[in-house]
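From first to last, the protein sequence lines stand for chains A and B. 167 is the number that the numbering used here gives to position 91 of the first sequence; each next residue is one higher, with no gaps. 1295 is the number that the numbering used here gives to position 68 of the second sequence; each next residue is one higher, with no gaps. Built from N, CA and C at the ideal position, the CB exists for glycine as well. Given the structure is predicted, the values throughout are model-derived calculations rather than measurements. Accompanying notes for the structure given below.
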Amino acid sequence: ELKVEQNPLFLSMQEGKNYTIYCNYSTTSDRLYWYRQDPGKSLESLFVLLSNGAVKQEGRLMASLDTKARLSTLHITAAVHDLSATYFCAVGIQGAQKLVFGQGTRLTINP
Amino acid sequence: DTEVTQTPKHLVMGMTNKKSLKCEQHMGHRAMYWYKQKAKKPPELMFVYSYEKLSINESVPSRFSPECPNSSLLNLHLHALQPEDSALYLCASSQDHQSRVPVSYEQYFGPGTRLTVT
């Protein structure tokens, strides 16, 4: 059974700081997705990572994938309050029909 | 149009009621999904439809009955639910899984229906 583990699960940080969220998964997959969810809202797609060594950046967020280590990271640079949300990684299996989500990382950025 | 719509936004129902959740997309996607999300938890896959046929049922109780009348619409029929079924129900869609061209299968989520069972 595929397990997807994120850490940390809770992260409180100050504006302007850098931090990284880690996503480990237990079985081979070449499809890794990052989503953002604001309280009471739906999921917003952030990044799709499809190959080993893939790196994508959007604003202050950068995601990478190492399929050999079964690890993806979401790096936050110079955090701002607007990035406060819950971030989920998800691994695609069964021909990507099925997404298995990590537990989520609840990120709070304080002024 | 990159939007998935869901109705209703909120639903309160008794345990003896029958209700339906609706989902619609006009992105030409041929795969559609139902997820259930409890508070402070990740979404859990319930059903997957591919080309209007049910391809995955994650051992969901029969009181939840999915239906895909056409490639743009997905319904979830609810009957005799329990209070523990109260959750946010999310619909998503993606490109089909039979494409010969490598695609991302990125899933686009609707806003969800917040269901409360009393």
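Here the stretch 172–184 of chain A does not lie against the stretch 131–139 of chain A, with fewer than 3 beta-carbon pairs under 8 angstroms apart. The DSSP-derived three-state label of Pro-115 of chain A is coil. For Lys-174 of chain A, the C-beta contacts it makes with chain B under 8 angstroms involve Leu-1272, Val-1275, Ile-1283, in order along the chain.
The C-beta of Ser-1320 of chain B has 16 or more other C-beta atoms within 10 Å across all chains shown, which makes the residue buried.
Per DSSP, the beta bridge partners of Gly-168 of chain A are A:Leu-175.
Counting along the chain, the unbroken beta strand (DSSP E) around Thr-1340 of chain B starts and ends at 1340–1344. Between Ala-139 of chain A and Thr-149 of chain A, the C-beta gap is smaller than 8 angstroms, which places the two residues in contact. A distance below 8 angstroms separates the beta carbons of Ala-1314 of chain B and Gln-1264 of chain B. With fewer than three CB-CB distances shorter than 8 angstroms, the stretch 1302–1309 of chain B does not count as touching the stretch 78–94 of chain A. A contact between stretches requires three or more CB pairs, one per stretch, nearer than 8 angstroms, and the stretch 155–170 of chain A meets this requirement with the stretch 94–102 of chain A. Segment contact: the stretch 1262–1280 of chain B against the stretch 1236–1253 of chain B, fewer than three CB-CB distances shorter than 8 angstroms; contact not assigned. Measuring C-alpha to C-alpha distances from Val-156 of chain A to each of A:Phe-177, A:Gln-173, A:Ser-127, A:Glu-91 identifies A:Glu-91 as the nearest. In the assembly as shown, Pro-1293 of chain B is a buried residue. Its beta-carbon has 16 or more other beta-carbons within 10 Å.
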